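Written below as C-alpha cells is the structure these notes are about.
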Amino acid sequence: MNWKKNCPKSNCIPLEDLPFILDSIAETSGQPLRFKNISPVSGGCINQCFKIEGVDSSCVFLKKNRKSFLPFFKAEAQALREIKATDTVQVPQVISFGESESSSFLVLEFLTEGRAARNGQYQLGEQLAQMHLHPKEYFGWEQDNCIGATPQPNPSSTDWISFYRDHRLHHQFNLAKKKGRTFDGKIDLLDNLEAFFVGYSPHPSVLHGDLWGGNTGYTQTGDPFIFDPATYYGDRETDLAFTYMFGGFDSSFYQGYEQVSPLHKGFQTRKILYNLYHELNHFNLFGSGYANSAQSSINQLLKIIP
C-alpha cells in the first residue's frame, strides 16, 4: 500500500511509523484497516494524537510518543480494559499498542462526540458509583503508570493512609523539591494524615484516577464515556474530589452518584487533601502557578488537625 500517497502533507504530521501501526491494527483486530487519510487531533499536551480514517468510513484514534513511553501506553490499555470489564461507564475499546523503530503508540476506538442526553450527567454519576463498587483486595495496582506525564507508583498495600502518604503526596513533594520548591507544613501534614480518617475506612475501588471534565464525553446518542485514565485501586473519594477542581460536573452528576453510593460526611475535608495531590502534580508539570494553590490547601488542612 502506498500510504504516503494517501496522506496529504496538509493533513498530516509526518508519520513514518504508520505502516507498523497499520500492521499492528490488522494483527490484533483481524480486520486490516484500508487506509484513506490521517489527520491530527488537538486537545492533548503529552502525546501526538491522530484520527486514522479507512476507505470504508471506519476510524480509529491513535496516540503516539517516544519509544520509552510504551509502558505508559501499556498501562493505559490495561486500565481501559479493566474499566470496561466492570460493565459500568463506557470507555474506548483498545485495538492495539506497541512500538516501531522510532516511537510507541496506542490505537483506540474512535468515539465521535455528541451532546449529553438530558440526564447524561446523572447517568455518568450513577455509572461512576457502580464502577467504584467493584471491590479489590489491595490498594495500588498491578503496574506503575502516569498521571499526566508524571510517573505514578502503584505498589500494593493494605493500608490506604500509608499508601496515600508515601506514594502520592510524598512522591509529589519529592518531585517538587527536585525543582527547587519546598512547602511549609509538609512534614506536619504527612505525620498527621490519620486525623482526616477518623470514623472512615476506605476500601479499594477501581478508579479512573484523572477524572476531570476534559476526560469525559458523550456519544452521539448522548451516553457518557470516560477516557485517558490513570487507574489504580484506591479510595473512591479521590475520583470525586478531582471532579471539583476544574468544574464541568453539575449537581445532577453528584445526585446520580450518591443515589447509588452516598459519600461519607468527612468527604468535604478529604476533598482538599485529595486535590492537593493534583495541585502538586500540576506544579510539577506546569510550574509555579499551582504552587500557591498547593500551599493554601496545606494551610487549610493543618488548621483542621487537632
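Residue numbers for the sequence shown follow our numbering, beginning at 943 and rising by one. Positions of the beta carbon are idealized from the N, C-alpha and C atoms, including for glycine. Small disclaimer: the values here were computed from a predicted structure and weren't measured.
Asked                                                                                                                                  : Found
What whole-angstrom Cβ distance do I1037 and L1022 have, given they're in contact under 8 Å?                                           : In fact, because the Cβ distance is near 11 Å, the residues do not count as touching under 8 Å.
Does DSSP put G1040 in a helix, a strand or coil?                                                                                      : strand
Going by beta-carbon coordinates alone, are A1071 and S1235 separated by less than 7 Å?                                                : no
Going straight from the alpha carbon of S984 to that of V1140, what length do you get?                                                 : 44 Å
Between the C-alpha atoms of G1156 and A1137, what's the straight-line distance to the nearest angstrom?                               : 32 Å
Compute every distance between the C-beta of F1184 and the non-hydrogen atoms of the ligand SAH, then say whether any falls below 6 Å. : Here there are no bound small molecules, and the ligand SAH is not part of this structure.
Per DSSP, what kind of secondary structure is L1066 in: helix, strand or coil?                                                         : helix
By how many angstroms is the C-alpha of R976 removed from the C-alpha of K947?                                                         : Low confidence applies to K947: its pLDDT is 39, below 50, so where it sits in the model is not reliable, and the reading given next is rough at best. So the alpha carbons of these two residues sit roughly 13 Å apart.
Does the stretch 1024-1034 come close enough to the stretch 1166-1176 to have 3 or more Cβ pairs within less than 8 Å?                 : yes
State buried or exposed for A1027, treating a residue as buried only when at least 16 other CB atoms are found within 10 Å of its CB.  : exposed
On the DSSP letters alone, give me the boundaries of the beta strand (DSSP E) that F1185 sits inside.                                  : Note on identity: in this sequence residue 1185 is Thr, with Phe being the wrong assignment. No beta strand (DSSP E) holds T1185; the alpha helix (DSSP H) holding it covers E1179 to T1185.
On a Cα-Cα basis, can you pick out the residue from G1151, G1067, S1239 and T1173 that is closest to S1193?                            : G1067
Please say whether P1013 and F1081 have beta carbons closer to each other than 7 Å?                                                    : no
Report the partner residues of I1089 according to the DSSP bridge assignment.                                                          : T1092
Are there 16 or more other CB atoms within 10 angstroms of the CB of S1046, so buried, or fewer, so exposed?                           : buried
Report the rounded CA-to-CA distance for H1150 versus P974, giving the unit in angstroms.                                              : 31 Å
For H1224, is the classification buried or exposed, using 16 other Cβ atoms within 10 angstroms of its Cβ as the cut-off for buried?   : buried
Helix, strand or coil for K1006, going by three-state DSSP, please let me know.                                                        : strand
If you draw a straight line from the alpha carbon of L964 to that of L1075, how long is it in whole angstroms?                         : 38 Å
Could you give the residue range of the alpha helix (DSSP H) that holds L1243?                                                         : A1233 to I1246
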